[in-house]
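This report concerns only the one structure given below.
In the numbering used here, the protein residues as written are -2 to 485.
Next up, the structure:
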């Protein structure tokens, strides 16, 4: 399709919540502006959170400041490093896992990378670690080289070590137990005197019992992050909802509308962005060992791609892609460790995406990427990647609907590099128009999710503009207090 054809293509436009960038100094100055005469409201206050994530492709520190009156969040800084550039473990260091691409990790090498990333981000944003930073949330999308869900905990500890080595006080990585443990400027915004943190994040509880998949926290964060990001749109992305995170690996949830807490009845896992990365590596236009689709992305070239041929290529690629309800008895799917027995006991259906068996089909996919590049050129290869991602979404959702997991009125939320870049939002919208009335795309879902989790852990809710609860309904604070036997 030509550029003009794209420009005048009729049809619904994707609702995309772009990150709103702002300087903390400007936001803090706004809290001191005089109120209008006769109109009393509490001044704005901002909750500053660092999301520290080690992923298969990128390692990030995302700093956000959330208005505790409006629940609108602002991006202060996003420092991104390529995980492939992490230093190699030293001879005396234990290798406890690896990325999906086989990059070996030690506790010390992870801590060093995290320390450097955090310090760089704080410096760029001019955020004072003691006075300005309120909380740090650590997460990881790296699950490929771990034997069990429990072993992922070692990586989370390494992330904590990196933060501590950067000078982050331990108290900024653990929830407050009482109002008095919070800074004075935040004490009027917490609901700790009314409710305590009981594990629910924006009114959703994880699968019952012990962890059923290694990427469970990632799914929790992106669901919460899409809820926060949607505040910049007209979409009321609350329960019931479906979330999909297309990072290097796949994460996400299917959530019902129980109150006060909804249940996670479906969980997505497996491969996502690494599928496009494999096609990119096959072109030989990126490093065959460390290259990623991000290295090739160029919006100008993408416009020149042959969309019709790209769709045909994507369908060919999907012959290698296995998307299914994860069978019972599996211990790993799409490289992600899981416990299918616990998942069944918890009432959670696992839906996975793989290439071959635990990614052993990626070399064949790379060969196919080389073929597409040789026959059609780079623009059409880029367009092919967009179609591949959109078809993955379509196939995942087909299974979710076949399993009767998606409640009527559910809203779809998508985040992650392999879900929101290029023409993917337009294509996903086209594929899902018969499945959902509303779809929202959110930048930096994981970082926003960290900001949201930090608020939940410290009971920083906004009852007048709630993130939790069901679409179109009021805050669930009273129901939560009743559940916890608090006085109403």
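Beta carbons are placed, not taken as given, at the ideal position from N, Cα and C, and that holds for glycine.
| query | Excluding five sequence neighbours on each side, which residues of the same chain lie with their C-beta closer than 6 Å to the C-beta of residue 420? | reply | Residue 420 sits at position 423 when you count from the first residue of the chain shown. Here the set comprises 383.
| query | On the premise that residue 345 lies in contact with residue 246, defined as a C-beta separation below 8 Å, what is that separation, rounded to the nearest angstrom? | reply | The residue given as residue 246 occupies position 249 in the chain shown. The residue given as residue 345 occupies position 348 in the chain shown. Not really, about 18 Å apart at Cβ, beyond 8 Å.
| request: Counting only the same chain and skipping the five closest in sequence on each side, list residues whose C-beta sits under 6 Å from that of residue 332. | output: Reading the chain shown from its first residue, position 335 is the one you call residue 332. Cβ within range, chain order: 97, 141, 355, 356.
| 7 Å CB neighbourhood of residue 281 in its chain, flanking five on each side removed | Here residue 281 refers to the residue found at position 284 when the chain shown is read from its first residue. 367, listed in sequence order.
| request: Return the Cβ separation of residue 209 and residue 335 in integer angstroms, given the expectation that the two are a contact with Cβ distance under 8 Å. | output: By 1-based counting over the chain shown, the position of residue 209 is 212. By 1-based counting over the chain shown, the position of residue 335 is 338. Yes, residue 209 and residue 335 are in contact; Cβ-Cβ is about 6 Å, under 8 Å.
| task | Return the chain-ordered list of same chain residues with a C-beta closer than 8 Å to the C-beta of residue 15, the five sequence neighbours on each side being excluded. | result | To locate residue 15, count along the chain shown from 1; it is residue 18. Excluding sequence neighbours, residue 15 sits near 229, 440.
| field | Alpha carbon of residue 33 to alpha carbon of residue 43, nearest angstrom | value | For this step, residue 33 is matched to residue 36 along the chain shown. For this step, residue 43 is matched to residue 46 along the chain shown. Unreliable placement is indicated for residue 33, whose pLDDT of 46 sits below 50; the coordinate value is still reported in the next sentence. Between residue 33 and residue 43, the C-alpha separation is close to 20 Å.
| field | Backbone secondary structure at residue 330 - three-state DSSP | value | As a working mapping, residue 330 is identified with position 333 in the chain shown. DSSP places residue 330 in strand when its eight states are reduced to three.
| query | Is residue 307 helix, strand or coil when you go by DSSP? | reply | The count along the chain shown starts at 1 and reaches residue 307 at position 310. In this structure, residue 307 counts as helix in the three-state DSSP scheme.
| Close beta carbons around residue 426, own chain, < 7 Å, minus the five adjacent residues each side | The count along the chain shown starts at 1 and reaches residue 426 at position 429. So the qualifying residues of the chain are 9, 11, 436.
| request: Report yes or no: is there a C-beta of chain D within less than 8 Å of the C-beta of residue 418? | output: Among the protein chains of the structure shown there is no chain D, as only one such chain exists.
| In DSSP terms, what residue 398 is bridged to | Counted from its first residue, the chain shown places residue 398 at position 401. Paired residues: none, contrary to the question.
| query | Out of curiosity, what's the CA-to-CA distance linking residue 267 and residue 168? | reply | By one-based count along the chain shown, residue 267 stands at place 270. By one-based count along the chain shown, residue 168 stands at place 171. Each residue's Cα considered, the two are about 34 Å apart.
| query | Taking the C-alpha atoms as reference points, what is the distance between residue 35 and residue 186? | reply | For the purposes of this step, residue 35 is taken as the residue at position 38 of the chain shown. For the purposes of this step, residue 186 is taken as the residue at position 189 of the chain shown. The predicted position of residue 35 is uncertain, since its pLDDT is 46 and thus under 50; a value taken from the coordinates is nonetheless stated next. One C-alpha to the other measures close to 23 Å.
| query | In its own chain, which residues sit with a C-beta less than 8 Å from the C-beta of residue 298, not counting the 5 before and 5 after it? | reply | The sequence position of residue 298 within the chain shown is 301, counting from 1. Exclusion of the five residues before and after residue 298 leaves 375, 376, 379 as the residues of its chain whose Cβ lies within less than 8 Å of its Cβ.
| query | The beta strand (DSSP E) spanning residue 42 covers which residue range? | reply | The residue you call residue 42 lines up with position 45 of the chain shown. Careful: residue 42 lies outside any beta strand (DSSP E) and carries neither H nor E.
| message | Suppose you measure from the CA of residue 317 to the CA of residue 358; what does that come to, to the nearest Å? | response | Mapped onto the chain shown, residue 317 falls at position 320. Mapped onto the chain shown, residue 358 falls at position 361. Each residue's alpha carbon lies about 7 Å from the other.
| query | Taking the Cβ atom as the reference point for each residue, do residue 53 and residue 138 lie within a distance shorter than 8 Å? | reply | Numbered from its first residue, the chain shown carries residue 53 at position 56. Numbered from its first residue, the chain shown carries residue 138 at position 141. Cβ atoms of residue 53 and residue 138: closer than 8 Å.
| query | In whole angstroms, what is the alpha-carbon distance linking residue 406 and residue 239? | reply | In the chain shown, the residue the question calls residue 406 occupies position 409. In the chain shown, the residue the question calls residue 239 occupies position 242. Straight through space, the alpha carbons of residue 239 and residue 406 are spaced by roughly 11 Å.
| task | Would you decide whether residue 372 is buried or exposed? Buried here means 16 or more other CB atoms lie within 10 Å of its CB. | result | In the chain shown, the residue the question calls residue 372 occupies position 375. Under this definition residue 372 is an exposed residue.
| message | Tell me the rounded alpha-carbon separation between residue 129 and residue 397. | response | In the chain shown, the residue the question calls residue 129 occupies position 132. In the chain shown, the residue the question calls residue 397 occupies position 400. Each residue's alpha carbon lies about 43 Å from the other.
| said: Tell me the rounded alpha-carbon separation between residue 73 and residue 324. | reply: By one-based count along the chain shown, residue 73 stands at place 76. By one-based count along the chain shown, residue 324 stands at place 327. Near 43 Å, if we compare the C-alpha coordinates of residue 324 and residue 73.
| field | Top-ranked residue by Cα proximity to residue 294, from 109, 458, 415, 56 | value | Here residue 294 corresponds to residue number 297 of the chain shown, with the count starting at 1. Nearest C-alpha to residue 294: 415.
| Proximity below 8 Å, CB of residue 115 to CB of residue 159 | Numbered from 1 along the chain shown, position 118 holds the residue referred to as residue 115. Numbered from 1 along the chain shown, position 162 holds the residue referred to as residue 159. A contact, by the Cβ cut-off of 8 Å.
| query | For residue 37, is the classification buried or exposed, using 16 other Cβ atoms within 10 angstroms of its Cβ as the cut-off for buried? | reply | The residue labelled residue 37 in the question sits at position 40 within the chain shown. At residue 37, the pLDDT of 48 sits below 50, so the modelled position is not reliable; the number obtained from the coordinates is stated separately. Looking at its Cβ environment, which holds fewer than 16 other Cβ atoms inside 10 Å, residue 37 is exposed.
| message | Using the three-state DSSP reduction, which class does residue 168 fall into: helix, strand or coil? | response | On the chain shown, residue 168 is found 171 positions in, with the first residue counted as 1. Helix.
| field | Unbroken alpha helix (DSSP H) run spanning residue 270, endpoints | value | Here the question's residue 270 lines up with position 273 in the chain shown. Element bounds for residue 270: 270 to 279.
| Who does residue 74 pair with in a DSSP beta bridge? | For the purposes of this step, residue 74 is identified with residue 77 of the chain shown, where counting begins at 1. Answer by DSSP bridge pairing, in chain order: 60.
| message | For residue 482 and residue 57, I'd like the C-alpha separation in whole angstroms. | response | Position 485 of the chain shown, counting from 1, holds the residue named residue 482. Position 60 of the chain shown, counting from 1, holds the residue named residue 57. If I take the Cα positions, the gap works out to 40 Å.
| Given that a residue counts as buried once 16 or more other Cβ atoms are within 10 Å of its Cβ, and exposed if not, what is residue 213? | Counting from 1 along the chain shown, the entry for residue 213 is found at position 216. With 16 or more other Cβ atoms within 10 Å, it is buried.
| said: Let me make sure I understand the geometry here. Which of 106, 475, 45, 322 has the alpha-carbon closest to that of residue 126? | reply: Mapped onto the chain shown, residue 126 falls at position 129. Closest option to residue 126, Cα to Cα, is 45.
| Going straight from the alpha carbon of residue 64 to that of residue 122, what length do you get? | Stepping through the chain shown from its first residue, residue 64 is reached at position 67. Stepping through the chain shown from its first residue, residue 122 is reached at position 125. The straight-line gap from Cα to Cα measures roughly 17 Å.
| said: By DSSP's criteria, residue 163 is part of a beta bridge. Which residues make up the other side? | reply: Residue numbering aside, residue 163 sits at position 166 when the chain shown is read from its first letter. DSSP, once it has assigned bridges, lists no residue as partnering residue 163.
| field | DSSP three-state assignment for residue 439, whether helix, strand or coil | value | Taking the chain shown and counting its residues from 1, the one referred to as residue 439 is at position 442. Note: residue 439 maps to strand in three-state DSSP.
| Same chain only: Cβ atoms within 7 Å of residue 182, ignoring 5 sequence neighbours per side | Translated into the one-based positions of the chain shown, residue 182 becomes position 185. Here the set comprises 42.
| field | Nonlocal neighbours in the same chain, by C-beta distance under 6 Å from residue 205, ignoring five residues either side | value | Along the chain shown, read from residue 1 onward, the residue named residue 205 stands at position 208. So the list reads 343, once near-sequence residues are dropped.
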